[in-house]
Amino acid sequence: MNHPSPEQPADVVARLRATFRTGRTKPLDRRTDQLRRLRALLTEKGPDLAAALHADLGKSATEAHRTEIDFTVREIDHTLARLADWLRPEPAPDPAHLGADARAWTQYDPLGVVLVIAPWNYPAQLLLAPLVGALAAGNAVVAKPSELAPATSAALARLLPEYLDTDAVAVVEGGVPETTALLGQRFDHVFYTGNGTVGRIVMRAAAEHLTPVTLELGGKSPAFVDRGVDLDVVADRLARGKFLNAGQTCVAPDYVLTDPATAAALEPALARAVEALYGSDPRTCGEYGRIVDERHFDRLTGLLGSGRVVVGGDSDRAQKFIAPTVLADVDPESPVMREEIFGPILPIVTVSGLDEAIDFVNDRDKPLALYVFSESDGTRARIAAETSSGGLGYGLPLAHLTVSDLPFGGVGESGMGSYHGRYSIETFSHRKAVLDKPLS
Ligand code: NAD
């Protein structure tokens, strides 16, 4: 299943470092050329990638394009249209204490050789979107796809060398041994997306070389539903955000927090929304995905007993199918509330109101995303001011991560650093301080 590169990790990094030292990756036109080639890969080989995503996760072609292929194309287009502007040196106010002729500015330097480690849930997007930023910033890149999405990993390992400069971009496939070997090398930045346990391993390994890291992690992202909102709209948006990719989305609403009366009305609204999206038998719905492997399937089915089933609840191990499921009467201490769910199970937890909801969030790890469904400016403002999360979404789950002008990343247990658009340039560059004092 794994296809370790025949080249040793030290040799891969040395080869890429030699390329970087020639300066080849730095000129603007060379960066844009590589981005255009990556764009061509996505448009010409989109069907190959979509087939691989279907094999790995049962993703429909529509979903594969929307959340992985076209998503990355949009990120490339956003970057191509603005890169020259972003890279322009930025003047600082004249440093008058050094004389009237002194000038100061900042400029971006590429870091060198960057390692990108991707997870299995959006295995193309989460390898390629960081790659876009790393290339746009002028780096050489070692890209490590997830072994848990083997078809996508193989497709990327085959296609990226067809389109990109193989002396500046290397794909290394494999699992723990291969990644461990890579992490033993000196990189100039490590960009990791996945879980916090491995995030700690990555950060420890990077510390040996004083290599900076970006950690794009996960956690339980809450959705607070205020009283008095249109629950059909809320249920539709919650269900779309939760059950996309069968719930295996880092920013999926993990659980709902609401008061008991709103919960009672939200339950049938969610049941209607699930049926409207996936029909009465989601197993036969081509738009509904599958669980990545048996280990996650067994973990998730073990969580189904944590509450009263409002809708869904059935599963089929042979197909790695778990129905879109809503659980009510969920105890905050039950298993489903003790870990990131990362699957198609949406628990509803009741609180007395806003104060308790804010305390509930603040008593737990800082989430990657926090969603608020409220018409009250006061409620919206209080949640923004009194909680901390990687991103905050009013009214629409997931969507903030599709806005390339916004930084995407976590805080605390949900990660450190961010990327997308110009924030990728910040992440994959060094902002160099320059002072110029003329000699005469
Ligand atoms: P995963 O198992 O595919 O692991 C991610 C990467 O880590 C893989 O490339 C894998 O080979 C590597 N890896 C695994 N064990 C390792 C080890 N011991 N040493 C070195 N490398 C190792 O994916 P996952 O961690 O199961 O992904 C799910 C998690 O990722 C969830 O918590 C989810 O919320 C989070 N996530 C976050 C984002 C984000 O953008 N913030 C996006 C997607 C997923």
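Numbering of the sequence shown is given in the numbering used here, commencing with residue 44 and proceeding in unit increments.
Just so it is clear, CB atoms sit at the ideal spot from N, CA and C, and this is done for glycine as well.
Given the structure is predicted, the values throughout are model-derived calculations rather than measurements.
With burial defined as no fewer than 16 other Cβ atoms inside 10 Å of the residue's Cβ, what is the status of GLN291: buried or exposed?
-> In the sequence shown, the residue the question calls residue 291 occupies position 248. Per the 10 Å Cβ criterion, buried.
Taking GLY155 as the reference, give the member of SER472, LEU287, ARG360, LEU141 with the closest Cα.
-> The sequence position of residue 155 within the sequence shown is 112, counting from 1. When each option's Cα is compared against that of GLY155, the closest is SER472.
Would you kindly check if the distance between the Cβ of PRO162 and the Cβ of LEU169 is under 7 Å?
-> Position 126 of the sequence shown, counted from the first residue, corresponds to residue 169. Position 119 of the sequence shown, counted from the first residue, corresponds to residue 162. For LEU169 and PRO162, yes; Cβs fall inside 7 Å.
Backbone CA spacing between PRO440 and LYS69 [nearest angstrom] | Taking the sequence shown and counting its residues from 1, one reaches residue 440 at position 397. Taking the sequence shown and counting its residues from 1, one reaches residue 69 at position 26. Straight-line Cα distance between these residues: approximately 37 Å.
Looking only at C-alpha atoms, which of GLY284, PRO188, LEU320 sits nearest to VAL219?
-> To locate residue 219, count along the sequence shown from 1; it is residue 176. Cα-wise, what sits closest to VAL219 is PRO188.
Taking just the CA atoms, how far does MET459 sit from HIS443?
-> One-based indexing of the sequence shown puts residue 443 at position 400. One-based indexing of the sequence shown puts residue 459 at position 416. Those two C-alpha atoms are separated by around 17 Å.
Expressed to the nearest angstrom, what Euclidean distance is found between the alpha-carbon atoms of PHE230 and THR254?
-> On the sequence shown, position 187 is the one that residue 230 refers to. On the sequence shown, position 211 is the one that residue 254 refers to. Their backbone Cα atoms lie some 6 Å apart in a straight line.
Can you tell me whether PRO90 is buried or exposed, with buried defined as 16 or more other CB within 10 angstroms of its CB?
-> As a first step, residue 90 is located in the sequence shown; it is residue number 47 there, counting from the start. Per the 10 Å Cβ criterion, exposed.
Which one or two residues does DSSP pair with TRP148 in a beta bridge?
-> If you number the sequence shown from 1, residue 148 lands on position 105. The bridge partners DSSP lists for TRP148 are PRO134, VAL477.
Would you list the residues sitting across from PHE286 in a DSSP beta bridge?
-> Taking the first residue of the sequence shown as 1, we reach residue 286 at position 243. In the DSSP output, where bridge partners are listed per residue, PHE286 has none listed.
Is DSSP giving TYR206 helix, strand or coil here?
-> Mapped onto the sequence shown, residue 206 falls at position 163. TYR206: helix per DSSP, three-state reduction.
Beta carbon of GLY332, beta carbon of LYS102: below 7 Å?
-> Counting from 1 along the sequence shown, the entry for residue 332 is found at position 289. Counting from 1 along the sequence shown, the entry for residue 102 is found at position 59. Result yes, Cβ atoms of GLY332 and LYS102 sit closer than 7 Å.
Distance cut-off 6 Å: CYS328 Cβ against heavy atoms of ligand 1 | Position 285 of the sequence shown, counted from the first residue, corresponds to residue 328. Taking 6 Å as the cut-off, the C-beta of CYS328 does not count as close to any heavy atom of ligand 1.
Tell me whether ILE160 counts as near ligand 1, meaning its Cβ is closer than 6 Å to at least one heavy atom of that ligand.
-> One-based indexing of the sequence shown puts residue 160 at position 117. Checking every heavy atom of ligand 1 against the Cβ of ILE160, one is found closer than 6 Å.
Can we count SER189 as close to ligand 1, meaning its CB is less than 6 Å from some heavy atom?
-> One-based indexing of the sequence shown puts residue 189 at position 146. True, at least one ligand heavy atom lies under 6 Å from that Cβ.
Which two residues bound the contiguous alpha helix (DSSP H) that contains THR305?
-> Against the sequence shown, residue 305 aligns to sequence position 262. Taken as a continuous stretch (DSSP letters only), the alpha helix (DSSP H) holding THR305 covers 303–321.
Length of the line joining the Cα atoms of PRO387 and PRO450 = Within the sequence shown, the letter at position 344 stands for residue 387. Within the sequence shown, the letter at position 407 stands for residue 450. Between PRO387 and PRO450, the C-alpha separation is close to 27 Å.
Neighbourhood of MET44 by C-beta, 8 Å cutoff - its chain only, sequence neighbours within 5 removed = Your numbering for residue 44 matches position 1 in the sequence shown. A caution first: MET44 carries a pLDDT of 46, below 50, which makes its placement in the model unreliable, though a value can still be read off. Once the five neighbours on either side are set aside, the close Cβ partners of MET44 are GLU190, PRO193.
Classification of SER395 by the beta-carbon crowding that lies within 10 angstroms, buried from 16 upward = Here residue 395 corresponds to residue number 352 of the sequence shown, with the count starting at 1. By the neighbour-count rule (16 or more Cβ atoms within 10 Å), SER395 is not buried but exposed.
VAL219 CB to nearest heavy atom of ligand 1 below 6 Å | Here the question's residue 219 lines up with position 176 in the sequence shown. Because some heavy atom of ligand 1 lies under 6 Å away, the Cβ of VAL219 counts as near it: yes.
Under 6 Å from any heavy atom of ligand 1, does the C-beta of GLY237 make it?
-> For this step, residue 237 is matched to residue 194 along the sequence shown. Correct: GLY237 has its Cβ closer than 6 Å to ligand 1.
Taking only the alpha-carbon atoms, compute the straight-line gap between ALA266 and ARG67 and give it to the nearest angstrom.
-> By one-based count along the sequence shown, residue 266 stands at place 223. By one-based count along the sequence shown, residue 67 stands at place 24. Cα-Cα distance, rounded: 47 Å.
Going straight from the alpha carbon of PHE340 to that of ILE334, what length do you get?
-> Taking the sequence shown and counting its residues from 1, the one referred to as residue 340 is at position 297. Taking the sequence shown and counting its residues from 1, the one referred to as residue 334 is at position 291. Each residue's alpha carbon lies about 6 Å from the other.
Collapsed DSSP secondary structure at GLU111 in the structure displayed = Position 68 of the sequence shown, counted from the first residue, corresponds to residue 111. GLU111: helix per DSSP, three-state reduction.
Run through DSSP, which three-state label would HIS97 get?
-> Numbered from 1 along the sequence shown, position 54 holds the residue referred to as residue 97. Looking at HIS97 - three-state DSSP - the assignment turns out to be helix.
Where DSSP assigns a beta bridge to ASP359, which residues make up the other side?
-> By 1-based counting over the sequence shown, the position of residue 359 is 316. According to the DSSP secondary-structure assignment, ASP359 is paired through a beta bridge with PHE364.
Return yes when the Cβ of ALA145 is within less than 7 Å of the Cβ of PRO134, no when it is not.
-> Residue mapping note: residue 134 aligns to position 91 of the sequence shown, counting from 1. Residue mapping note: residue 145 aligns to position 102 of the sequence shown, counting from 1. Their beta carbons are not under 7 Å apart, which means PRO134 does not touch ALA145 by this criterion.
Within 10 angstroms of the Cβ of HIS232, are there 16 or more other Cβ atoms? Answer buried if so, exposed if not.
-> Locating residue 232 in the sequence shown gives position 189, where the first residue counts as 1. Under this definition HIS232 is a buried residue.
Boundaries (first-last residue) of the alpha helix (DSSP H) holding PRO440 = Taking the sequence shown and counting its residues from 1, one reaches residue 440 at position 397. Note, PRO440: premise wrong, no alpha helix (DSSP H); not H, not E.
Using 8 Å as the threshold, is the stretch 368–377 in touch with the stretch 412–426, meaning 3 or more CB pairs across them?
-> Three or more Cβ pairs closer than 8 Å define a contact, and the stretch 368–377 falls short of that threshold against the stretch 412–426.
Going by the CB atoms, is the gap between GLU259 and THR236 shorter than 7 Å?
-> What you label residue 236 is simply residue 193 of the sequence shown in a count that begins at 1. What you label residue 259 is simply residue 216 of the sequence shown in a count that begins at 1. Judged by their CB atoms, THR236 and GLU259 are nearer to each other than the 7 Å cut-off.
Spatially closest choice to ASP359 from ASP76, VAL477, ASP336, THR105, by CA coordinates | Taking the first residue of the sequence shown as position 1, residue 359 is located at position 316. Looking at the Cα atoms, ASP336 is the closest of the given residues.
So what does DSSP say about TYR551, is it helix, strand or coil?
-> Since the first residue shown for the chain is 44 and the last is 483, residue 551 is missing from the structure and cannot be characterised.
Helix or strand or just coil, what does DSSP make of PRO265?
-> Within the sequence shown, residue 265 is the residue found at index 222, counting from 1. If DSSP states are grouped into helix, strand and coil, PRO265 belongs with the strands.
In chain order, what residues of the same chain lie with their CB nearer than 7 Å to the CB of LEU343, ignoring the 5 residues before and after it?
-> Your numbering for residue 343 matches position 300 in the sequence shown. These residues qualify, in order along the chain: ILE334, ILE365, GLY386, ILE388.
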